[in-house]
Amino acid sequence: MNESNEQLLSAARNYVTDIYTHQLKQEFVFHNLEHTEDVVEACSYMADYYKLNDDDRFVLMIAAWFHDTGYSKGEAPGHEDESIKIASQFLEQHAVEPMVIQRISSAIQATRMPQSPISQVEKILCDGDLYHLATEDFKPRNQLLKQEREFLLGQKISKKDWRKNNINFLENHKYFTEYGQEFLEPKKIENLNLLQKKKPGKVEEQEDVHAEENVFPYVPSKPGDEKAQMKETERGVQTVFRTTSNNHMELSSMADNKSHIMISVNSIIISVTLSVLVARISNYPEFIAPAGILLLTCLASLTFAILATRPSVSSGKFTEDDIRSKKANLLFFGNFHKMQLLDYQWGMNQMIKDREYLYNTMMMDIYYLGVVLAKKYRYLRIAYTIFMWGLILSVIAFGLVALYATASAPAPTSGKVIDY
């Protein structure tokens, strides 16, 4: 990891430590600095195991430090969103690139129960977050979690209910990385077996099922529970759509920034060249050709940079047939900006009712975002290529003309006249 990332990681560690020290309620006996340090250590170990590159390791470690900082707001539900806000604010203050912040936010979001990691970094973070399930400290750590849950619920949790929910959780939990499946899963099963030896009897199983949902942060679905499994799958699909759309938007923003740079640079060069050339063209006629090459280069590069950012808006209307045939993309403003609000609401309601239409529309939106991105980056590549080679050619031309002018200039005389 480079020095700047090391310094930022150190600053993040100090920042998070200060949050847990001064802002976290003392009743959070599980989700505290000790737990975060354990997760960071586990993630660091797995990062070494997988030999992550510097960028991935940086994203992983920052996400590990910030993933539970949302508990400082005093609420367990939705703490991931608060953690993302805290992390984003810190990273923005340190001028971290938006794409990196997005990756860190996605990693933290993946730890929300039920966990839904996609990338390798997210999988490592999720396994690191529940690393304690496969350690000798599982029992004491689990007691701390029970104590914390009792504080949040404002009521006592019976040992029977807590044990039953722990058994259910461990039976359905899975590690996402190969490391977790190979090295952590066996020890987790040992801890599960220890709990099952004290598994409650039939009388306990007849207790109110709804009470279980209140005493454990998440009860995974049983293998035969198709509805719950479908819900988990749908959550993963939504995460894919959200992450992909965000990535496309970040790439589009980067392309626009690159275009603005190219437009600004070429505009300055054209302005300066024209002002100098027009004023002194009669004194330096030999520099007309090199200056012309430079101007043509800047003009061509400027044109493609403008094409990369030029907006293209469609008709802005859709018909009822478009909705019924599932052809209209109501997620893009260009397809409805000329429609009445009631017509747009009707179309959206029709799309929301049809799950297949809704998902296909989201796929369509992502696809056309990708098409627009490809067009932008193609124009950008042309603009930068023209600018690079044109600038090189212009410098060479100016140099050759200057050398030729120097070589062809008459030799200076001493100014003395010798009289014989």
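Residue 397 in this note's numbering sits at position 397 of the sequence shown; the count goes up by one each step and never skips.
A virtual CB, placed ideally from N, CA and C, is assigned to each residue, including glycine.
Looking at the backbone, the Cα of Leu145 and that of Ala305 are separated by about 56 angstroms. Shortest Cα-Cα distance from Ala110 to any of Asp256, Lys326, Lys353 and Gln238 involves Gln238. For the pair Lys258 and Leu380, the CB atoms are nearer than the 7 angstroms cut-off. Pairing Ala289 with Ile386 gives a Cβ-Cβ distance that is not under 7 angstroms. Pairing Gly78 with Leu358, the inter-Cα distance amounts to about 26 angstroms. Cα atoms of Lys164 and Asn193: separation of roughly 12 angstroms, rounded to the nearest angstrom. Out of Ile293, Glu150, Val371 and Tyr15, the CA that lies nearest to the CA of Ile396 is found in Ile293. Pairing Trp162 with Phe28, the inter-Cα distance amounts to about 18 angstroms. Leaving aside the five residues that flank Pro98 on each side, the residues in its chain whose CB is nearer than 6 angstroms to its CB run, in chain order, Glu250. Here Ser116 has Ala110, Arg235, Gly236 and Thr239 as same chain residues with Cβ atoms under 7 angstroms from its own Cβ, once five neighbours each way along the sequence are excluded.
Between Leu195 and Ile157, the gap from beta carbon to beta carbon reaches 7 angstroms or more. With at least 16 other beta carbons inside 10 angstroms of its own, Ala47 counts as buried. Per DSSP, Glu27 lies in no alpha helix (DSSP H) segment and is marked neither H nor E. Closest in C-alpha terms to Leu133, from the list Ala407, Asn191, Gly70 and Asp321, comes Asn191. Asn266 and Ser44 have their C-alpha atoms some 46 angstroms from each other. It is roughly 31 angstroms from the alpha-carbon of Ser253 to the alpha-carbon of Leu393. Judged by DSSP secondary structure, Asn191 falls within the alpha helix (DSSP H) whose first and last residues are Glu185 to Gln196. Of the candidates Gly128, Phe151 and Arg141, Gly128 places its Cα closest to the Cα of Glu178. Between Ile101 and Leu60, the C-beta spacing is not below 7 angstroms. When the beta-carbon positions are compared, Thr297 and Gly390 come within less than 7 angstroms of each other. Taking C-alpha positions only, Lys326 is separated from Asn172 by approximately 38 angstroms.
DSSP, reduced to helix, strand and coil, places His67 outside both helices and strands of the structure shown, so it counts as coil. Of Lys187, Arg242, Pro285 and Tyr71, the smallest CA-CA separation from Val401 is found for Pro285.
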